[in-house]
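Numbered according to my numbering, the sequence shown spans residues 493 to 688.
For each residue, glycine too, the CB sits at the ideal point set by N, CA and C.
These notes are about the structure you will find just below.
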Amino acid sequence: MFSTQDYLDRKTGPYGIGRLSYLQSLVTEFQDTSDEEAKEQVLANLANFAYDPINYEHFKKLNIVDLFLDCLEESNEKLIEFAIGGLCNCCLDKYFKQCIIDSGGINLVIKCLSSSIEQTVMSAMTTLMYLTTPESKKAISALPVVECMLRFSECNNKLLANLAHVFLQDYCTPAQIEEAKEVQRRVAHQFLSEGT
């Protein structure tokens, strides 16, 4: 549900903490704590706030998208899951989309495709689709990504398979798909040759 400022003012009351202050306290807590579980909870909260465009001005002031991008380079899989979820939630906003692209975020999102956490992979796939622009399309539909999507399109998880099919159908050319299939055939042939 998207909020209005009037709704937030009524909900908060005259003496409550405002949304900007609350988000600032979350960012500060994330930066100050060394407790991994606390970081995970804070990042999950920030990712949830990324759903609602009313928070986007606050996100800009607090550099929350940069925080999400930084967390994609962490070793903690839960932090990565929540960070890519937060990016997925807000990257349709033109400003954030450009920030992610300009910050080298496409490569960070692509790395999330190799996660063992399915939610991370689904958020990464969706984020890549949302980040596609005429300028970013070449990086997003690069051969390794297309080949990865072909593998996902054949997996048992129907959500992953369906997202991969959408990606292949809407964001790749038939020539790109055929080239990726050829890579798969060569790898399979090489694997079989080495096994005998």
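Return yes when the Cβ of residue j is within less than 8 Å of the Cβ of residue i, no when it is not.
i	j	result
Ile572	Thr612	yes
Leu554	Gln590	no
Cys563	Ala575	yes
Ile632	Leu620	yes
Ile609	Glu569	yes
Ile593	Ser628	yes
Leu600	Leu561	yes
Cys647	Leu605	no
Leu655	Met617	yes
Tyr548	Asn581	no
What residue range does the alpha helix (DSSP H) around residue i cover?
i	result
Asp544	It is not in any alpha helix (DSSP H) - Asp544 carries neither H nor E in the DSSP assignment.
Ser615	610-623
Ala634	Neither: Ala634 is in no alpha helix (DSSP H) and is coded neither H nor E.
Asn599	597-603
Leu651	650-663
Cys591	586-594
Ser513	511-524
Indicate the three-state DSSP secondary structure (helix, strand or coil) for residue i in the structure shown.
i	result
Ser567	coil
Ala680	helix
Lys673	helix
If residue i and residue j are in contact, beta carbons under 8 Å, what's the gap, nearest whole angstrom?
i	j	result
Thr624	Tyr663	6 Å
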